[in-house]
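There are 8 protein chains.
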Amino acid sequence: MPLLGIVIGSKNDEPLIQPALDILQQLNIKYELSILSAHRNPDKVREYASKAKEKGIEVIIAAAGAAAHLPGVLASWTTLPVIGVPLPTSELKGIDSLYSIVQMPAGVPVACVGIGTPGAKNAALLSAQILGTKHKEIKDNYEKYKQKLAEA
Amino acid sequence: MPLLGIVIGSKNDEPLIQPALDILQQLNIKYELSILSAHRNPDKVREYASKAKEKGIEVIIAAAGAAAHLPGVLASWTTLPVIGVPLPTSELKGIDSLYSIVQMPAGVPVACVGIGTPGAKNAALLSAQILGTKHKEIKDNYEKYKQKLAEA
Amino acid sequence: MPLLGIVIGSKNDEPLIQPALDILQQLNIKYELSILSAHRNPDKVREYASKAKEKGIEVIIAAAGAAAHLPGVLASWTTLPVIGVPLPTSELKGIDSLYSIVQMPAGVPVACVGIGTPGAKNAALLSAQILGTKHKEIKDNYEKYKQKLAEA
Amino acid sequence: MPLLGIVIGSKNDEPLIQPALDILQQLNIKYELSILSAHRNPDKVREYASKAKEKGIEVIIAAAGAAAHLPGVLASWTTLPVIGVPLPTSELKGIDSLYSIVQMPAGVPVACVGIGTPGAKNAALLSAQILGTKHKEIKDNYEKYKQKLAEA
Amino acid sequence: MPLLGIVIGSKNDEPLIQPALDILQQLNIKYELSILSAHRNPDKVREYASKAKEKGIEVIIAAAGAAAHLPGVLASWTTLPVIGVPLPTSELKGIDSLYSIVQMPAGVPVACVGIGTPGAKNAALLSAQILGTKHKEIKDNYEKYKQKLAEA
Amino acid sequence: MPLLGIVIGSKNDEPLIQPALDILQQLNIKYELSILSAHRNPDKVREYASKAKEKGIEVIIAAAGAAAHLPGVLASWTTLPVIGVPLPTSELKGIDSLYSIVQMPAGVPVACVGIGTPGAKNAALLSAQILGTKHKEIKDNYEKYKQKLAEA
Amino acid sequence: MPLLGIVIGSKNDEPLIQPALDILQQLNIKYELSILSAHRNPDKVREYASKAKEKGIEVIIAAAGAAAHLPGVLASWTTLPVIGVPLPTSELKGIDSLYSIVQMPAGVPVACVGIGTPGAKNAALLSAQILGTKHKEIKDNYEKYKQKLAEA
Amino acid sequence: MPLLGIVIGSKNDEPLIQPALDILQQLNIKYELSILSAHRNPDKVREYASKAKEKGIEVIIAAAGAAAHLPGVLASWTTLPVIGVPLPTSELKGIDSLYSIVQMPAGVPVACVGIGTPGAKNAALLSAQILGTKHKEIKDNYEKYKQKLAEA
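Protein chains in written order, with this note's numbering: chain A, 19 to 170; chain B, 19 to 170; chain C, 19 to 170; chain D, 19 to 170; chain E, 19 to 170; chain F, 19 to 170; chain G, 19 to 170; chain H, 19 to 170.
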């Protein structure tokens, strides 16, 4: 049963986050990838977020571009930690996505990482740090990963 | 029964939109003002938007600041036209609010107006234009209003 | 007789809005497409806007880039609702177009959508929502369109 | 008969350009100050711009904020040189005004100066340089002014 | 022994994060507040981060303004999750702080929240979500907090 | 003898302004094109600007990118009107050039046009408007040009 | 004889850099403060920069706002290292100053520090580092200063 | 023994700074190029900066992108002058790098140059100016270089 839920708004966003999925595999973290649109299908997003905890999910990563409501909407429906990845946009270059994700109102946090693929990779690592708080194996894997980075 | 629903995220935002309420009164447009948070209470927002049409509401105005998901979340739950008013924020000056409202993904439109009180006033007038498409009295009142502006 | 007038400043802008025209066709909304420059030929724009209502037009969509005065100038000459689409520009990426369209002074509203083609598509959908206030068939078509989006 | 026409959109903008009027007085340049709104009363703006040349006006200065269409609209209706002064706005700080004025499409130029009162003062000096091309007394006055600046 | 370490760069930043400390108290989360400068005293920061884990700290919150290296430098020295709060700056309004914190290179994540006090409050809540992954009492307290928000 | 001096900082900038040179030819305005760097060879710039008036030059156009001091430095050494064209830059997209040109301090004006080639074309037209103040043939040519634009 | 020349464009800028002067006094670095305008009096700036080296000056600090040409113009006339301090401006908040100073073209460097008084203080410290390359006493004083900072 | 240390965060950044290395060769300045990551290997950066002075290094150049902590972290560990080169990033175009480098807090200066390769070239020239304060041959070489630029 996966501890990590990953949500993207469209199949087209998958290549941007693929390197994050590779990192999760290296860290041996099981995840479930879902494609859900906050705007076109809010009911599926509500249902996903409302049931995530009881399914055993402990952290959610959501990547979105432009108005980028997906992470914030998920956060509104769950008490699990939500990590938001602002995806680049063709004109505003992801500044729109960044502001829409990072400037959440006091009361409902989203943990925002950098724009695009580097951010997605860091979202994977941040989820490892959070899950590692409880799961010793993930913590150990993450520490080895960081050690290898330093030696590279 | 009001034709126009106005939603703000917090009682604190009311003074910013008061001049818009004054314009609605001048145009003799009945409205219903609600305070609902997209992030703190998504279920109430879902319920509001889902039932707006059957209550007779034909246009929704939503004002919000920062990540400013309120107009987009309302638009995700209804097929009524939603007008979004980006409210100013203390640091990013409402650019965050603007980007979060105006950059909606293709498929779910929000009609965005300018930042702050001038935008709120224009939201009122835009709602009059939209309602005026169907309601002749509102159209006439709006045309008289514009005529007076030109003469002022 | 079309209910919707679409205005662009140059033939070159047509490909950017073509996907919006496709949506209008799907929704069975008749439109009239005109190419008019607010700066090079203000008199034609004045004439267009002044006569739109009596020709039966109920909503205007105007797409423009850079100083992007077209939507605002049309709005100055008519009381019909005007939807503005900020087109991308090669250097400022449409931020110039966005600010020039969305920051209209209080009194003369323009309904602004997102930058570029996603915005143009939403302009088409917003026009359907506005026309749907009065025309039941358009409302029904729009509701079916949104339903299909959710199921896609 | 004044050689210079100055147009502002609202009485409220007058204090921002007063220091420019003082410079014009020092340079002994007669001007005519008009308050005209491009959006609320486009017909008066059209009329003003269309008749400016035959009244003897040789240069127009227009100051405006936010969507700031006034200089561009004037330029669309006349072949006289138009100087645009972007006025500060409460949230976007005049960046909106700047982009709306400076990013005119090829074909219809506006001579843009800096944001706010320093820009307005430079608009006055620029009008002196332009008028000085033809009027020797104004050229001489401007040269003396610049000389004094250097010595100050 | 506190589970949460909070680091600010200067005593002057304390009032900005005080509302976050109040939330932590409500949630009954013990924390340790330290004042350490990444630039003026990098060795103390290194020492703090290197020893945090063995002291029992499980999450670090760091608030900083301008070049705002503090969260990233802490993250470079530890494998604990680090939450970064971008503080407002007098000229660039915290955009500098935001970019410096959120745009971490792939490999070393920082969980960024919004600019200023709303962000600081969300940092407190995010730390509760992360600690709640392991500590059931904190999870329960956070869920009650969110419930109360919804009812407010 | 040319009435118009055009200055660029580098041979590489010539293609960006070529369309402006074509317009000048259409308007039958003689010009002199010089390549001078404000930073690498300030003395040549000083000499050029100091002698421009006595050579018969009545207007100067200067195009520059990045820190873009060329128009302002020319303006500091002459009382002739200087038109500044902000050239695009690879990273900041000409926003750097725009701010460096348009934000001149009160006392020494530069007439700024839009970024890049559209701006360069408008610089040519603005120079025609300024020269047309005195030279009837140029005024007539410019008016015919604008007439043709309207008919195109 | 001072080793350091400080130039500001206007007496009004002096309070902004006063804390930098205090640091120089603490470090026992003699300086000469001049008020010179790059735009209003370019000849004095040329003369100052051309003669600085022979007067014994080894580093120049120049603070300026808006188009902020002063550091770049000084750098064009001398081979001494020039440190530029971007001063805040009322609307663009010193972003204009920053871009105008930092984006110097390849070939003529300016060493840019942060916006406003914190930047001015760092300009003083950077001048100490540069002078310290040659002057052992200044190096020692700077190292003691940094030591004290760390201990504060 | 090199007087100049150059540090980049990744082998990938080398092509961006290669033209700076060419200038250093022309100026006959020996340098040492190191690849060190502030985030992945802070201990190596600490060690490098702490030992630079005793190895004979007198100036450090550090180039970095995005959160771009490298120059500031080096500056925190040494009293040598540090020149920071903001590298371009794929979405934020190096504005993130620029703000992270230039907005250092008062007390720990970094000398920032322009974004990307033009900035890197100026960093080389600035290092020549700084080293030239003490080393007459470098000063002479730099002055010849600038002379040649003026003649080119």
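Backbone N, C-alpha and C define an ideal beta-carbon position, used for all residues, glycine too.
Query                                                                                                                                                 : Result
My output table needs one value for ILE75/G: the three-state DSSP class, helix, strand or coil.                                                       : coil
In terms of alpha-carbon separation, which member of LEU144/G, VAL25/G and VAL120/G lies closest to GLY125/H?                                         : LEU144/G
Nearest by alpha-carbon distance to PRO106/A: which of ILE24/A, ASP31/A and LEU21/A is it?                                                            : ASP31/A
Within 9 Å (strictly less), CB to CB, does ALA141/F reach chain C?                                                                                    : no
Check each candidate in GLY102/F, ILE78/F and ILE75/F and name the one with the smallest Cα separation from HIS87/F.                                  : GLY102/F
Hey, does GLU32/G have any beta-carbon neighbour from chain D nearer than 9 Å?                                                                        : no
First and last residue of the alpha helix (DSSP H) that includes GLU32/H?                                                                             : 32-44
Where does VAL120/E sit, in a helix, a strand or coil, going by DSSP?                                                                                 : helix
Do the stretch 133-141 of chain D and the stretch 142-160 of chain F meet, that is, are 3 or more Cβ pairs less than 8 Å apart?                       : no
What does GLY112/G touch in chain E if you count any residue whose Cβ is under 7 Å from its own?                                                      : GLU109
Anything in chain E within Cβ reach of ILE148/A, meaning under 7 Å, just list it in chain order.                                                      : PRO99, ILE148 and THR151
Under 9 Å between the Cβ atoms of SER116/E and PRO104/E?                                                                                              : The displayed chain sequence assigns Leu, not Ser, to residue 116/E. The answer is yes: Cβ separation under 9 Å.
Helix, strand or coil, according to DSSP, for GLU161/B in the structure here?                                                                         : helix
Please state whether DSSP places LEU98/G in a helix, a strand or coil.                                                                                : coil
How many angstroms separate the CA atom of ILE78/G from the CA atom of LYS71/G?                                                                       : 10 Å
How many whole angstroms separate the CB atoms of LEU54/F and TYR66/F, which I take to be in contact at a CB cut-off of 8 Å?                          : 6 Å
Just verifying my parser: in three-state terms, what is the DSSP assignment at GLY132/A?                                                              : coil
With H, G and I counted as helix, E and B as strand and the rest as coil, what does DSSP make of ILE156/G?                                            : helix
If contact means a Cβ-Cβ distance below 7 Å, which residues of the stretch 48-67 of chain G contact chain H?                                          : none
Output yes or no for whether 9 Å exceeds the beta carbon distance between ILE41/C and ALA170/C.                                                       : no
Distance cutoff 9 Å, beta carbons only. Does ALA84/A sit that close to anything in chain C?                                                           : yes
Can you tell me whether SER55/E is helix, strand or coil according to DSSP?                                                                           : coil
Compute the minimum distance between the beta carbon of GLU32/H and the heavy atoms of the ligand GTP, and state whether it is under 8 Å.             : The model depicted lacks the ligand GTP and carries no ligand whatsoever.
Taking C-beta to C-beta, are GLY90/E and ASP114/E nearer than 9 Å?                                                                                    : no
Taking the alpha carbon of SER94/C as the reference point, which residue from ILE75/D, VAL63/D, GLN43/D and THR97/D has its own alpha carbon closest? : VAL63/D
Would a C-beta distance cut-off of 9 Å place ALA85/G and VAL100/G closer than the cut-off?                                                            : no
Taking only beta-carbon positions, decide if GLY102/B is within less than 9 Å of chain D.                                                             : no
Between which two residues does the alpha helix (DSSP H) harbouring VAL63/B extend?                                                                   : 60-70
Are the beta-carbon atoms belonging to LYS111/F and LEU34/C less than 9 Å from one another?                                                           : no
With DSSP collapsed to three states, give me the class of ASN150/H.                                                                                   : One point to set straight first is that residue 150/H is Gly, not Asn, in the sequence displayed. GLY150/H falls in the helix class under three-state DSSP.
With distances taken between CB atoms, is the gap from SER108/H to GLN121/E smaller than 9 Å?                                                         : no
Quick check: what's the CA-CA separation for ARG58/A versus ALA168/C?                                                                                 : 5 Å
Report yes or no: is there a C-beta of chain H within less than 9 Å of the C-beta of GLY125/E?                                                        : yes
Grouping DSSP H, G and I as helix and E and B as strand, with all else coil, what is LEU22/H?                                                         : strand
Give me the Cα-Cα distance between ALA38/D and PRO37/H, rounded to the nearest whole angstrom.                                                        : 47 Å
Measure the Cβ-Cβ separation of LYS164/B and THR97/C and say whether it is below 9 Å.                                                                 : yes
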